[in-house]
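Enquirer: Chain order of the listed sequences is A and B.
Here the first sequence stands for residues 130 to 587, where the numbers follow my numbering.
Here the second sequence stands for residues 130 to 587, where the numbers follow my numbering.
Heads up, the beta-carbon is just placed ideally off N, CA and C, and yes, glycines get one too.
Number of protein chains: 2
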Amino acid sequence: MTDWQHYLDEHQEQFIQEMLDFLRITSISGLSEHMPDIRRAAEWVAARAQTAGMDNVRIMETGAHPLVYADWLHAPGKPTVAIYGHYDVQPVDPLDLWESPPFEPEIRDGRVYARGANDDKGNMLIPILAVEALLKTRGELPLNVKFFFEGQEEIGSPNLADFIAGHKEELACDLVVSADGGQWSEDQPALMIGLRGLAAVQIDVTGPDHDVHSGMYGGAIQNPIHALAQILASFHGPDGTIRVQGFYDDVAMLLPEDRERIAAIPYDEEAFKASIGVDELFGEPGYTTRERTWARPTLEINGVWGGFQGEGSKTVIPSTAHAKISCRLVANQDPESIIEHITRHVEAHTPPGARVMVTPYESVAGAYLMPADHPGNQAARDVHLQLYGKEPYYGRSGGSIPFCTLFLEALGVYTVNFAFALRDELQHSPNEFFRLSSFRRGQTGYCLLLDRLAEMRG
Amino acid sequence: MTDWQHYLDEHQEQFIQEMLDFLRITSISGLSEHMPDIRRAAEWVAARAQTAGMDNVRIMETGAHPLVYADWLHAPGKPTVAIYGHYDVQPVDPLDLWESPPFEPEIRDGRVYARGANDDKGNMLIPILAVEALLKTRGELPLNVKFFFEGQEEIGSPNLADFIAGHKEELACDLVVSADGGQWSEDQPALMIGLRGLAAVQIDVTGPDHDVHSGMYGGAIQNPIHALAQILASFHGPDGTIRVQGFYDDVAMLLPEDRERIAAIPYDEEAFKASIGVDELFGEPGYTTRERTWARPTLEINGVWGGFQGEGSKTVIPSTAHAKISCRLVANQDPESIIEHITRHVEAHTPPGARVMVTPYESVAGAYLMPADHPGNQAARDVHLQLYGKEPYYGRSGGSIPFCTLFLEALGVYTVNFAFALRDELQHSPNEFFRLSSFRRGQTGYCLLLDRLAEMRG
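Rendered as structure tokens:
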């Protein structure tokens, strides 16, 4: 057993307790009342990086939620890798569906249950611990490392592009390794070569300037919920195709080799359906389910509200109605253009008697595609062979990590996904969890990966 | 000045304070947590009727919210009138729009601001005080009176039909006078000869069995909000016509004389629009605004909700989405049939991949139409001439008072509307108010009306 393996084993109980401490911080980036908690989480991460032995640990301002930066740059002539993760988490509602409170982590059957356990606090702690194990046992790292942990991934990293543009020298590197993501299963590794992008808007419809009695006014005025329903229904055709003019114009079509690589990965439709309790799937004609979620764009209504939502009946015509919408984008779609197309579509589909406002969220992300045979992917593939005894799948994700696209565009480097979440761990949902076995395996994986990347030639 | 006028003047300050006490009771019938407050309000009404000098004061159980009954039956050979009102109120949300708390009544500029001030607590207190003035000054009433104050009008009086059917002898009378309703304006009286009926349902749409990540599942499954939007949008055509099959089948068409009577009442469209802050009206083609709200049926979505409603963006596909719907019905439409038509429509318009449930609310009401020259209307008209110096309009209301139809069907008697709310008093909305001048005028009106009805020959 190597020294660093021994170090990891000896400290595992302490590392788990530290993860639980980290998970107790309510760092929900999407809710402004948690601003102080975001900063508390940043301070926690900075302190932990310091303890691990990193230099130049800094909490850097972005204009919104801060970034935690640290580096270790004492390997001249060796590559430099930036390791990415995020310490912010999703909101927790519906709260009543949690079996244990989301910010009071519980270990049950070798799993840590808490908001952020999987996405991304448990995951992002792994490289910090791996670096510590190498530094404490060898006194040095095999290559240059920069840590780069952000606090606004779950709101789409609105300030990240400007920040990167303003810190290009500081962030310069040969490769990014992302600790936000996952493996295929407990015994099957995967490399992620594609991510979808993101664009989001809120739609606000206004009718009368106050809620009015449906007996007195019903029939005479436009009901803002009726107007909103018509707008929302106009976004899709009956077969699920998106009907926003221009939406598909720039979409990179799937090539035969893309479809083959996707089809090579086992897919169990019954298990997919059972995992979310649906009887039938539904989506764009002409594509497999995996193609629909990995390589085709979507327009989803994430929330809708207006009028009376309480118990019983209230005969009211409300003053306003609202919806939140987000699109998952694929290669070559420009988020700003998509928002423009949606805005024009809403204007064209607003019925008479209603006023409508479309407000884009700042969180946009381009889609991401990386060559399967990139040297960084080759290094990760070698480590996976050692960790799992298996070749990785070359998959994609339907999710969005703005960071990958931003780093590629601003610094010209790709991002290797090297993270240990699994797909059944209820990411973004009540009862999110993370396996302690993944937490431990990831630490070994990162030690191996850093050694292997030290030999990388770009 | 008559003795009872003098009595009313002398006690006015006390009566106002009593109204404020009554308004402090949070008797929201639509929210089950307020059940004890409903009973508290019933007890308040019973005690007040007792103080006024009524006999046989009783709180009667209906299976849900109780009724308050009282009578004075010492005028043999004279007609018997039942006086109706309700002591329950609407919910108060959105709470943040109230200038003063809804259950902490405030008097500003001669108006009482509170939930229920206008609808119907202020109004229903009026006949109790008028009866007291007559009894305390004359020692008797000019005719037989029954009080009948219910506690579930705002949820559509679900238990009222059964209750009336089970108490026909007790409730027998020659005429009902309703203290729930209003006048045309501060200087123009009106008689109400028509009301719309009511039918209501909730629609619940289910997709996945938990909220899921829109990146992982977006594109592969039906989003329950998309399904709901399609269902809701299918209810109306672009011109506002209701597209539910069978919905208009039984509607009593407007006759020329109906349209003339409606057109004879002044209507200021600019003022109507300004009162609710809309730039344009919208409704069924071929009808005037007043015809649309008084004599044509509607289908309104009163509330919609599903998914994330908080600040910012959350990229989720929710498990469920919901809507509350109510219809205003006109003469000859059967509420049960309408609910059946809606249910069938929803089934026919449910897109693939979603499960939908339609749950009718118990609160249904048939529409109501009364002859304009009924002796009860003639008596009320005489009093209005005296109170206002003007002939009343013969109008209708777009609202629903299940009581009128139920009494007509069960006991064969019509209901004369004799109440003093005005249309600008934000009924069912934040900042509901009632004018103290209406409160005082109504008391005189009821004393005059009871004298006049004593001479009525059916």
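1) Name the chain A residues that come within less than 7 Å of T422/B, Cβ to Cβ?
2) May I ask you to verify whether the segment 269-277 of chain A touches the segment 504-517 of chain A, counting CB pairs closer than 8 Å and requiring at least 3?
3) Please identify the residue among Y523/B, V306/B and H470/B whose C-alpha is closest to the C-alpha of P395/B.
4) Please classify E190/A: does DSSP put it in a helix, a strand, or coil?
5) CA-CA distance, R240/A and D222/A?
6) Run through DSSP, which three-state label would M148/B get?
7) Compare the C-beta of N273/A against all C-beta atoms of chain B and say whether one is closer than 8 Å.
8) Taking all protein chains shown into account, do 16 or more other C-beta atoms lie within 10 angstroms of the C-beta of R177/A, making it buried, or fewer, making it exposed?
9) Using 8 Å for Cβ pairs, my map puts E413/B next to G369/B. What's the rounded Cβ distance?
10) Give a yes or no on whether the C-beta atoms belonging to A483/B and G347/B are separated by under 8 Å.
11) Can you find the residues in the same chain that come closer than 6 Å, C-beta to C-beta, to L264/A, ignoring five residues on each side of it along the sequence?
12) Do A175/B and I167/B have their C-beta atoms within less than 8 Å of each other?
13) Does any residue of chain B bring its CB to less than 8 Å from the CB of E235/A?
14) So for D184/B, helix, strand or coil by DSSP?
15) Please compile the residues from chain A whose C-beta is within a distance smaller than 7 Å of the C-beta of N352/B.
16) Could you tell me which of L304/A, L565/A and R325/A sits nearest to L498/A, measuring between CA atoms?
17) Considering only C-alpha positions, which residue in the set L152/A, T209/A, T180/A and M164/A is nearest to Y543/A?
18) Within the 8 Å Cβ cut-off, does V341/A reach chain B?
19) Quick check on L320/A: buried or exposed, where buried means 16 or more other Cβ atoms within 10 Å of its Cβ?
20) For a cutoff of 8 Å on Cβ pairs, would you count L361/B as touching chain A?
21) Could you list the residues in the segment 405-417 of chain A with a C-beta less than 7 Å from some C-beta on chain C, going in chain order?
22) At a Cβ threshold of 8 Å, is P165/B touching chain A?
23) Near L196/B, what residues of its chain come up, given a Cβ to Cβ distance below 6 Å and the 5 sequence neighbours on each side ignored?
24) Please tell me whether T444/A has its Cβ less than 8 Å away from any Cβ of chain B.
25) Below 8 Å on the Cβ atoms is my guess for V380/A versus P426/A; work out the distance and round it to an integer in Å.
26) What residue from R421/B, P521/B and F232/B has the CA that sits closest to W313/B's CA?
27) What's the gap between the Cα of D463/B and the Cα of G495/B?
28) Could you pull the start and end residues of the alpha helix (DSSP H) that Y517/A belongs to?
29) Output yes if chain B places a C-beta closer than 8 Å to the C-beta of G436/A; else output no.
30) With three or more C-beta pairs closer than 8 Å as the rule, is the segment 477-491 of chain B touching the segment 395-412 of chain B?
31) For the alpha helix (DSSP H) that V260/B lies in, which residues bound it at each end?
32) What number of angstroms, rounded off, separates the C-alpha of V475/A from the C-alpha of V487/A?
33) Which two residues bound the contiguous alpha helix (DSSP H) that contains Y575/B?
34) Give the residues from the segment 487-521 of chain A that approach chain B closer than 8 Å (Cβ to any Cβ), ordered along the chain.
35) Mind listing the chain A neighbours of A319/B? Cutoff is C-beta to C-beta under 9 Å, in chain order.
36) Nearest-angstrom Cα distance between A450/A and L410/B?
Expert: So, from the listed chains and residues:
1) Per Cβ cutoff of 7 Å: M345, Y346, G347, G348 and A349.
2) The segment 269-277 of chain A vs the segment 504-517 of chain A: no contact.
3) Y523/B
4) In the structure shown, E190/A adopts coil according to DSSP, grouped into three states.
5) 21 Å
6) In this structure, DSSP gives M148/B a helical state, which the three-state scheme calls helix.
7) no
8) buried
9) 5 Å
10) no
11) G182
12) no
13) Not one chain B Cβ lies under 8 Å of E235/A.
14) strand
15) The CB of N352/B comes closer than 7 Å to the CB of E429 and I430 in chain A, given here in chain order.
16) R325/A
17) T209/A
18) yes
19) So L320/A counts as buried.
20) Using a CB distance cut-off of 8 Å, L361/B counts as an interface residue toward chain A.
21) Absent here is chain C; the protein component of the structure consists of chains A and B.
22) no
23) M189 and E279
24) yes
25) 6 Å
26) P521/B
27) In a straight line, the C-alpha of D463/B is about 6 Å away from that of G495/B.
28) P504 to Y517
29) Nearest CB-CB separation between G436/A and chain B: below the 8 Å threshold.
30) no
31) G251 to R267
32) 8 Å
33) L565 to L582
34) Flagged, chain order: Y490 and S492.
35) Going along chain A, no residue has its Cβ under 9 Å from A319/B, so there is no contact; the nearest lies around 14 Å.
36) 18 Å
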